[in-house]
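Undergrad:
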Amino acid sequence: DKCGVRGFCPHERRCIVCEQWSCDKCRLLRGDGEDVWQLVGSLQPAAIFLDFDRTLCTTKRGNSPLQGSHSVDPDLAAVCTGYGCVQIVTRSSQKEDIEAFLSARSVPVLAVHC
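Adding 1 to a residue's 1-based position in the sequence shown gives its number in our numbering.
1. Residues in the same chain with beta-carbon distance under 8 angstroms from Gly32, minus the five sequence neighbours each way, listed in chain order, please.
2. Spell out a yes or no on whether the region 86-94 and the region 51-67 are touching, meaning 3 or more CB-CB pairs, one atom from each, closer than 8 angstroms.
3. What runs of the beta strand (DSSP E), each 3 residues or longer, lie entirely inside the region 47-112?
4. With DSSP as the reference, label Arg7 as helix, strand or coil.
5. To the nearest angstrom, how far is the alpha carbon of Val18 from that of Trp38?
6. Sort Glu35, Cys86, Ser43, Ala48 by Cα distance to Val73 and report the nearest one.
7. In this structure, how does DSSP classify Leu29 when only helix, strand and coil are distinguished?
8. If I'm right that Val80 touches Val110 with Cβ under 8 angstroms, what's the distance once you round it to whole angstroms?
9. Taking the straight line between their C-alpha atoms, what separation do you get for Asp52 and Leu44?
10. Going straight from the alpha carbon of Ala46 to that of Gly69, what length do you get?
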């Protein structure tokens, strides 16, 4: 079972993973880059953590962003540029490549955590 018990919203008894469910009470919201940009603007969080693969960047499965043709989500790049508290979290082992890729595209982040 890919969801497990932690994948269910206890308030609405819906699967957050399978149904792509958002719940304000759980403080788990799903959306695209523009939704994140708007949410960050209204909440003004002290820290922002973004996934790299298929979120900030078009890479998949931990591949290097320097191999092939990859792009950055423009709304999430605006979040990185507008707020000095963004950190990247990823299971990829390509830390140096991710840092170089973001730097070349003028996308500032505090740190990349692999």
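Just so it is clear, CB atoms sit at the ideal spot from N, CA and C, and this is done for glycine as well.
TA: Judging by the given coordinates:
1. Hits under 8 angstroms: Ser23, Leu40.
2. Taking a cut-off of 8 angstroms on C-beta distances, the region 86-94 touches the region 51-67, as three or more cross pairs fall below it.
3. Entirely contained in the region 47-112, the beta strand (DSSP E) runs reaching 3 residues are, in chain order, 49-52, 87-90.
4. Residue state, collapsed to three classes: helix.
5. For Val18 and Trp38, the distance between alpha carbons rounds to 22 angstroms.
6. Scanning Glu35, Cys86, Ser43, Ala48 for the CA closest to the CA of Val73 turns up Glu35.
7. In the structure shown, Leu29 sits in a strand (DSSP, three-state: E or B).
8. The C-beta distance from Val80 to Val110 rounds to 10 angstroms, too long to meet the 8 angstroms contact threshold.
9. Roughly 19 angstroms between the two C-alpha positions.
10. In the sequence on display, residue 46 carries Pro and not Ala. Here the C-alpha atom of Pro46 lies approximately 34 angstroms from the C-alpha atom of Gly69.
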